[in-house]
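K.L.:
Structure provided below as structure tokens; questions to follow.
2 protein chains.
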Amino acid sequence: MRSKHPVIQTLHDNKSRVNHCLCVGIDPDITKLPEAFSHTLSGLNDFLEKVIKDTSGQVLAYKPNISFFEALGIDGLKSLELLRKHIPENIPMILDAKRGDIGNTATMQAKYLFDYFGADASTLHPYMGLDSLEPFFKYKDKLHFVLGLTSNPSASNFEKLKLENGEPLYKTVISQCAGWNKEYGNVGVVVGATQSELKEIRKIDQDIIFLIPGVGAQGGYYEDAFSQGKNQDDLVVINASRSILYQNPELSFCERISQTIS
Amino acid sequence: MRSKHPVIQTLHDNKSRVNHCLCVGIDPDITKLPEAFSHTLSGLNDFLEKVIKDTSGQVLAYKPNISFFEALGIDGLKSLELLRKHIPENIPMILDAKRGDIGNTATMQAKYLFDYFGADASTLHPYMGLDSLEPFFKYKDKLHFVLGLTSNPSASNFEKLKLENGEPLYKTVISQCAGWNKEYGNVGVVVGATQSELKEIRKIDQDIIFLIPGVGAQGGYYEDAFSQGKNQDDLVVINASRSILYQNPELSFCERISQTIS
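Residue numbers (this note's numbering), protein chains in the order written: chain S, 1 to 262; chain Y, 1001 to 1262.
Here it is as structure tokens:
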């Protein structure tokens, strides 16, 4: 039996410790910071440091959304660098970046996410196919979540289009990812929690790990996502961002985690 | 008759001036810098300044590839900021970034590319559908090139999959983009020059503007791309990157442009 991928092993260890599969998404938004923090980049940095300090013993993983840092320009990216330093080594950092491009460009993208920011995992667009993803997969010790079926309404535009074989496009994408996972051992897929298709999708492959966003503010439920989305090893990464960071300010971050998973 | 989109008008003006449709792609690679430049970020900045100085009177547009700057970290992004300052206002800067995500994230991505870097146009992944693209389209005065059929071999994995109606996925994506262009007036598509399907794709819609990468190092020919890819107003954006920046160092940049279009 081959040993587990190092990031998957860490996720298993964390799950055993915290007893759930909730990943906290970090979508920094200066306008939404609690009153105790100045609505500046410095206030944001303090806020993110507190989020990590208060929650790192209680989460499966963190998923910073790089686009929210980028929107703040180069200073925002410095906040992401700082955040990376605050995240403990045993908590995987899934840097949500939705990249993917022709080979030589994809190589540059992977360098940025893994070598520069030290991400443990990222998210990828499947549209351009394997040679746009392989430069990521070649980072063997990293995990690569390819978009399968997303949680937004316009997933119907292309993802749900029926192919010649009668199946929707996303099923072929996910089957293909499951095949690549057998080959590379480090491929996962993103499947939205608001999609009623989750249970059906799990049947495609029992091994591949799902990253399920859309719990909390986007309307999905943790328990459904867990029971329908877990793989044969009972592992799944379920993400909540806004509901942990900004909602119910009268509760502590850990109380919001408890509320989200209950 | 509605007036032309400002970026499209500028492209027309530039085409009249330079008499071709070649866009120069800026993929900075320190290891490939000519001997006269130090192989450092500072050398790269000098090189890029020279590229712009020598070519800005001879190009339709520039297409910096943000991933190559990102691979150099925050200092690389500072080089992109500097490059933006060197590009004259009348030369559109297509910031090739391949973005696209759920609405609130896509809004952040658009802020980064257009408000922070001052791009005039970008490139987008279609997979997640309209609500992942609309935050870009809402930047009315910018142009938005959505991936249609790309120039890499793995375009066959998903882009060329046949749908229930017998047509490949990319045709539906491009038709949909043509429809969005009728509504928003600022949507284009990316179609690879190495694809024999170019002529067929042009028949889908006569108005939508194509961004055609893959000329030069990737093996496509300018003249074919122009004759098969131009729209009803004889406009198309044909990109060459490596063949202008790094190949044939005995020629000037403008001589390389002349050679690429001849």
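Here a beta-carbon is modelled for each residue, glycine too, at the ideal position from N, C-alpha and C.
#1: When the distance is taken between beta carbons, is T150 of chain S closer than 8 Å to G188 of chain S?
#2: Just the C-alpha distance for N14 of chain S and P92 of chain S, rounded to the nearest angstrom, thanks.
#3: At a CB distance below 8 Å, what residues from the stretch 1152–1185 of chain Y approach chain S? Give them in sequence order.
#4: If you run the structure through DSSP and keep just helix, strand and coil, what is I1030 of chain Y?
#5: At which residues does the beta strand (DSSP E) containing L1044 of chain Y begin and terminate?
#6: Leaving aside the five residues before and after S16 of chain S along the sequence, list all residues of the same chain whose C-beta is less than 7 Å from its C-beta, in chain order.
#7: Could you list which residues in chain S have their beta carbon closer than 9 Å to that of Q1247 of chain Y, in chain order?
#8: Counting beta carbon pairs with one atom in the stretch 1092–1102 of chain Y and one in the stretch 92–104 of chain S, are three or more of them shorter than 8 Å?
#9: If we cut at 8 Å on Cβ distances, does D131 of chain S have a partner in chain Y?
#10: Distance, Cα to Cα, N165 of chain S vs R1256 of chain Y?
#11: Classify S1042 of chain Y: buried if its beta carbon has 16 or more other beta carbons within 10 angstroms, exposed otherwise.
#12: Please return the same chain residues whose Cβ sits closer than 7 Å to the Cβ of I1261 of chain Y, not counting the five positions on each side in sequence.
#13: Would DSSP call H144 of chain S helix, strand or coil?
#14: If contact means a Cβ-Cβ distance below 7 Å, which residues of the stretch 1112–1141 of chain Y contact chain S?
#15: What's the call for Q1109 of chain Y, buried or exposed, on a 16-neighbour Cβ count within 10 Å?
#16: Say whether chain Y places a C-beta atom closer than 8 Å to the C-beta of I204 of chain S.
#17: At what residue ranges does the stretch 63–112 of chain S contain a whole run of the beta strand (DSSP E), taking only runs of 3 or more?
#18: Between the stretch 203–210 of chain S and the stretch 226–246 of chain S, can you find at least three pairs of beta-carbon atoms closer than 8 Å?
#19: Nearest-angstrom Cα distance between V1051 of chain Y and F136 of chain S?
#20: Can you give the beta carbon distance from K63 of chain S to I26 of chain S, rounded, assuming they're within the 8 Å contact cut?
#21: Taking its Cβ as the centre, do 16 or more other Cβ atoms sit within 10 Å of P1126 of chain Y, making it buried, or is it exposed?
P.N.:
Put simply:
#1: no
#2: 9 Å
#3: N1152, P1153, S1154, A1155, S1156, N1157, F1158, E1159, L1161, K1162, L1163, E1164, G1166, L1169, T1172, V1173 and Q1176
#4: helix
#5: Per DSSP, L1044 of chain Y belongs to no beta strand (DSSP E); it is in the alpha helix (DSSP H), L1041 to T1055.
#6: none
#7: Residues of chain S passing the Cβ test: none, with the nearest at roughly 14 Å.
#8: yes
#9: yes
#10: 47 Å
#11: exposed
#12: H1020, L1022 and Y1222
#13: strand
#14: Y1112, Y1116, H1125, P1126, Y1127, M1128, G1129, L1130, D1131 and S1132
#15: buried
#16: no
#17: 94–99
#18: yes
#19: 31 Å
#20: 7 Å
#21: buried
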